[in-house]
DNA sequence: CTCAGATAGTTATAAAATGCAACTGTTTCA
DNA sequence: TGAAACAGTTGCATTTTATAACTATCTGAG
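Protein chains in written order, with our numbering: chain A, 247 to 387; chain B, 247 to 387.
(1) Quick check on this structure: which residue in B/267, B/249, B/359 and B/250 has the alpha carbon closest to the alpha carbon of residue 303 of chain A?
(2) If contact means a Cβ-Cβ distance below 7 Å, which residues of the stretch 342-361 of chain B contact chain A?
(3) Does the stretch 268-277 of chain B come close enough to the stretch 291-305 of chain B to have 3 or more Cβ pairs within less than 8 Å?
(4) Between the stretch 358-375 of chain A and the stretch 342-349 of chain A, do three or more beta carbon pairs fall short of 8 Å?
(5) Using the Cα positions of residue 370 of chain A and residue 252 of chain B, report the straight-line distance between them to the nearest angstrom.
(6) Can residue 326 of chain A and residue 317 of chain A be called in contact, C-beta distance under 9 Å?
(7) Between the stretch 305-322 of chain A and chain B, which residues of the former have CB atoms less than 9 Å from a CB of the latter, in chain order?
(8) Name the chain B residues that come within less than 7 Å of residue 289 of chain A, Cβ to Cβ?
(9) Which chain B residues are close to residue 257 of chain A, counting only those with a beta carbon under 7 Å from its beta carbon?
(10) On a Cα-Cα basis, can you pick out the residue from B/274, B/291 and B/279 that is closest to residue 338 of chain B?
(11) Below 8 Å on the Cβ atoms is my contact criterion, and I expect residue 272 of chain B with residue 355 of chain B to pass it. Report the Cβ-Cβ distance as a whole number of Å.
(12) Mind checking if residue 371 of chain B is an interface residue toward chain A, Cβ cutoff 9 Å exclusive?
(13) Do you know whose CA, among A/293, A/331, A/341 and A/285, lies nearest residue 314 of chain A's CA?
(14) From the beta carbon of residue 374 of chain B, is the nearest beta carbon of chain A less than 9 Å away?
(15) Of the residues that make up the stretch 266-279 of chain A, which ones have a beta carbon closer than 9 Å to any beta carbon in chain B?
(16) What residues of chain B sit near residue 253 of chain A, judged by a beta carbon separation below 8 Å?
(17) State the DSSP-derived secondary structure class of residue 328 of chain B, mapped to helix, strand or coil.
(18) Which value, in whole angstroms, describes the spacing of the CA atoms of residue 329 of chain B and residue 306 of chain B?
(19) Who are the neighbours of residue 388 of chain B on chain A, taking C-beta pairs under 7 Å?
(20) Any Cβ of chain B within less than 9 Å of the Cβ of residue 363 of chain A?
Written out as structure tokens, the structure is:
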């Protein structure tokens, strides 16, 4: 009998690696972004709207985050807006182009995922979906 | 109704990130290895026994792989053995210390995983295990 | 008030990692 | 034979990264 731990090791790392590599390809080849830039966009959309928040969430130094935002701003994907109440703070947000780019990358990644999931019956998809909910409960307390 | 794709996005990246970060902590703080070195050890044990094989599998340049092996050899975790038939080739293998280190890291990582899985009933664990098998089938054809 | 200390973000610079190309030693095969 | 191919290593220029200093701003105890 295979333990859950073994299943976990055999499954999660390889499928995530495959997915991540796919995202990397899409982001790089079709949109000219590194994965790091893609991650930064994701996080900004998710609500991490300052350089510090970005740094902390992404486990990078503030100087690194500052420069990353710089590149994204140059690419017109992100805007910096100084807070009027606390003029030290800079609020980050996606431009329309940033939103579009992020959505397009997600759409392509999801099309790729969908291809894989086509191989499953609806019942199997349902089973997996439920199992993933259990997994989340175990990991994200 | 939540689609499988949504479940996937909500589950796989965060739990893998958490797990990976845990491995990073264990490898770094308790064994003085970077994740990259840990990955290299894993791959060598898995059978990628030359610098080129290591480079290709790990998606790094050969010079990078060569230098990584150098560090591992200095740490006495890996041995290089020149092939007697083709003296260009260098066969890589783990030393006893390398095996022990790798096993110890795995053991700690699995203890950590086990803690998370304690939150599940045996039935739930079984369900997840089956669902992961389906997922593998969809991704790794 | 006010000024010492804290905070957000940026920039300078020194150290480390990376990729490319050159190089060594070895094998292959025309 | 010897030219080309190959495995691996090393040198070097470029890029990335981390640390710390720096600017600008805010806060709050006295």
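Backbone N, C-alpha and C fix where the C-beta goes; we use that ideal spot for every residue, glycine too.
Quick answer:
(1) B/267
(2) 356, 359 and 360
(3) With a cut-off of 8 Å, the stretch 291-305 of chain B and the stretch 268-277 of chain B do not count as touching, because too few Cβ pairs lie within range.
(4) no
(5) 15 Å
(6) no
(7) 305
(8) Result: empty, since nearest Cβ-Cβ is about 12 Å, beyond 7 Å.
(9) 378, 381 and 382
(10) B/291
(11) 6 Å
(12) yes
(13) A/285
(14) yes
(15) 266 and 267
(16) 374, 375, 378 and 379
(17) It is a strand residue.
(18) 23 Å
(19) The first residue shown for chain B is 247 and the last is 387, placing residue 388 of chain B beyond what the model contains.
(20) Closer than 9 Å to some Cβ of chain B, the Cβ of residue 363 of chain A qualifies, so yes.
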